[in-house]
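Report on the following structure.
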């Protein structure tokens, strides 16, 4: 709300507060005046005054010595009788100064309201500007702290992932000098080959870690095309079943619905499904995990639900499962990026994803904007 609008609102408010009592008082005074005139001016008084005028005229004719005295009384009575014959003249003579008085009062109310509104609008605008500036400053501080916290988490993750393979490499390399001094040539060669193999494995793990970070940092831009989501799920789930073991995928197709279209980047949408399935498998190691994938729609959105038969995520950590580098799975290959990638891809499709517990099992709900066929 800008300053001009605040000023007008204050002006109108103050004007109404000042003008309403003033106008009410004018109305009440006018009503009281009319009532008083109605009570005071009646036909009987007019008839009495008319009779008095006749009597005074007759007395003046009969008593010439007092004629001037009777004439003066006659003039007074006649003037009073004329007033009683035309009470609207009295009303007008009283109402006119009242209207002038109340008009001046209303004008003063307008001027005072305008002055006060201007002053208050400046104060309100300054207070509002100060509050907004403080709020923006606080938001910037919160954003900065969150960003720094994310960088700190990333630094911890990188340090941990890099340190894990470097520590055994350091131990293996250090042991070579001791082995060279204490072993025969054949034994040293055997030890060297074993060390080389283990160092290569650790370096491969380090390379895998770097590749995963690189994959997260260089996700391709979404290039959506119009697609039938149900048909896309049929194709993608067949491919995923052939590549991921320990899974049983069931597509529950809706009845009577055929035009579930949305703008989807098929390769990236497949990565979404793969990451969700892989997340369920990693959360339930050592057994086959059964997945139920269903799809539906309303007038605006297409909804894909991915549920598995594992245990639900604990309520206290559920809000964080889409955060980068956050994971509840104890695995050296799990860096907590899978669900973060899923959310990023879905949001770039102008959609949304949320986690919910259903019938004691975990379920992810993907919402995509529906498109015409």
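Residue numbers (UniProt numbering): 1 to 373. Note that the Cβ used here is the ideal one computed from N, Cα and C, for glycine as well.
Taking C-beta atoms as the reference points, residue 302 and residue 229 count as a pair closer than 8 Å.
Between the alpha carbons of residue 137 and residue 342 lies a distance of about 32 Å. Around the Cβ of residue 340, a 10 Å sphere holds 16 or more other Cβ atoms; the residue is buried. Under the DSSP assignment, residue 236 falls in the alpha helix (DSSP H) whose first and last residues are 229-243.
One Cα belongs to residue 362, the other to residue 327, and the distance between them is close to 15 Å. 8 Å or more divides the Cβ of residue 219 from the Cβ of residue 237. Per the C-alpha coordinates, the member of 61, 64, 59 and 52 positioned closest to residue 76 is 52. The C-beta distance from residue 247 to residue 289 rounds to 6 Å, short enough to meet the 8 Å contact threshold. Secondary structure of residue 338 (DSSP, three-state): helix. For residue 364, the enclosing beta strand (DSSP E) begins and ends at 361-369.
Residue 140 counts as exposed, since fewer than 16 other beta carbons sit within 10 angstroms of its beta carbon. According to DSSP, residue 301 shares a beta bridge with 369. For residue 273, no beta strand (DSSP E) segment is defined; the enclosing uninterrupted segment is the alpha helix (DSSP H) at 266-283.
The beta carbon of residue 241 sits closer than 6 Å to the beta carbons of 249 from its chain, once the five residues preceding and following it are set aside; these are given in chain order. The residues 53, in chain order, have a CB closer than 7 Å to that of residue 78 in the same chain once the five nearest residues on each side in sequence are set aside. Residue 319 is not a Cβ neighbour of residue 357, given a cutoff of 8 Å.
In the DSSP assignment, the residues bridged to residue 226 are 263. The C-alpha of residue 239 lies about 24 Å from the C-alpha of residue 208. Taking the Cα positions, residue 170 is about 36 Å away from residue 145. Beta-bridge partners assigned by DSSP to residue 291: 249 and 308. Cβ-Cβ distances below 6 Å link residue 348 to 222 in the same chain, with the five nearest sequence neighbours on each side left out; the list follows chain order. According to DSSP, residue pairing for residue 296 in a beta bridge involves 303.
For residue 314, there is no enclosing beta strand (DSSP E), as DSSP gives it neither H nor E.
Boundaries of the beta strand (DSSP E) around residue 355: 352-358. Setting aside the 5 residues that flank it on each side, residue 202 is surrounded in the same chain by 165, 168 and 169, each with a C-beta closer than 6 Å to its C-beta; the list follows chain order. Setting aside the 5 residues that flank it on each side, residue 259 is surrounded in the same chain by 373, each with a C-beta closer than 6 Å to its C-beta; the list follows chain order.
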